[in-house]
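Each remark here refers to the structure printed beneath this line.
There are 2 protein chains.
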Amino acid sequence: MNYDIPDHMATFPISVVKELTKLSGRQIRYYEEQGLIAPVRNEGNRRMFSLQDIERLKRIKELIDQGINIAGIKVMLKD
Amino acid sequence: MNYDIPDHMATFPISVVKELTKLSGRQIRYYEEQGLIAPVRNEGNRRMFSLQDIERLKRIKELIDQGINIAGIKVMLKD
DNA sequence: AAACCATGTAAGATTACCTAACATTTAAAT
DNA sequence: ATTTAAATGTTAGGTAATCTTACATGGTTT
Chain A
-5 MNYDIPDHMA TFPISVVKEL TKLSGRQIRY YEEQGLIAPV RNEGNRRMFS LQDIERLKRI
55 KELIDQGINI AGIKVMLKD
Chain B
-5 MNYDIPDHMA TFPISVVKEL TKLSGRQIRY YEEQGLIAPV RNEGNRRMFS LQDIERLKRI
55 KELIDQGINI AGIKVMLKD
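These protein sequence lines are chains A and B, in that order. Under our numbering, the first residue of the first sequence carries the number -5, and numbering increases by one thereafter. Under our numbering, the first residue of the second sequence carries the number -5, and numbering increases by one thereafter.
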């Protein structure tokens, strides 16, 4: 049994990420635009997300929910 | 950190399952038709697969590659 | 040869996602 | 109190992925 997917492997479409993170598609795309995340694209130009991407988005959402703005999040998630 | 997706949670589109299992879309749909797997459907009627589904498909592929036919696989994977 | 099994392929319809633009809301700055 | 900027919503038109159904094909079995 090879019961896992590597954390960095992009296997999730945005529809699933929306459900998992409780973020809107608009938010996810905007955060990418702002350089907070960098999901890869498949051959058809669709965004594909890894577990790492999802965990990062969850942290972003926590900070957003605490009232922190994008600029603040950028420095806090610097890595 | 909630660093995982439950084994039974359907988060993978068929495109990813194809890559992960090295099966064709036709094969995956046919195995479903034959009752070997039962991926759930999302609101738009697209098949969505769980890690369990993927592991099962990998076992199916191994058996297929060993020359076992669908009927044989059905009894061997009875559960 | 005929029939069946497993898979390929093609066509047409539907759903998901893309970008770009404009609208709205809230907060910050003037 | 305006104006500006930040974050998100919404809409529109286009492209990609997936769906079902049907027919084609190569390999077995009868």
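Cβ coordinates follow ideal geometry from the N, Cα and C atoms, glycine included.
Return the CA-CA distance between H2(A) and K68(B), expressed in angstroms with no decimal places. One C-alpha to the other measures close to 34 Å.
Mapping the DSSP letters down to three states, classify R35(B) as helix, strand or coil. DSSP places R35(B) in strand when its eight states are reduced to three.
Would you be able to state if there are at least three C-beta pairs under 8 Å between the stretch 47 to 59 of chain A and the stretch 3 to 18 of chain B? In short, these stretches do not touch, since the Cβ pair count stays below three.
Rounded separation between Y25(B) and I31(B) - CA only: About 6 Å.
Identify every residue that forms a DSSP beta bridge with R40(B). DSSP, once it has assigned bridges, lists no residue as partnering R40(B).
Output, in chain order, the set of chain B residues within a Cβ distance shorter than 7 Å of F6(A). Think of a sphere of 7 Å around the beta carbon of F6(A): the chain B residues whose beta carbon falls inside it are T5, in chain order.
Measuring alpha carbon to alpha carbon, tell me which of D47(A), K72(A), T5(A) ends up nearest N36(A). Considering only alpha carbons, the answer is T5(A).
Between G10(B) and chain A, is there a C-beta pair that is closer than 8 Å? Looking at the sequence shown, residue 10(B) is not Gly but Val. Yes - at least one Cβ of chain A is within 8 Å of the one on V10(B).
Would you say I8(A) and R41(A) are within 8 Å of each other, going by their C-beta atoms? Against a cut-off of 8 Å, the Cβ pair of R41(A) and I8(A) comes out as a contact.
Could you check if S44(A) is buried or exposed, using at least 16 other CB atoms within 10 Å of its CB as the buried criterion? If you draw a 10 Å sphere on the C-beta of S44(A), you find 16 or more other C-beta atoms in it, and that means buried.
Sequence-distant residues of the same chain with beta carbon closer than 8 Å to Q28(B), five excluded per side: Around Q28(B): I64, K68.
Close beta carbons around G19(A), own chain, < 7 Å, minus the five adjacent residues each side: Here the set comprises I8, K12.
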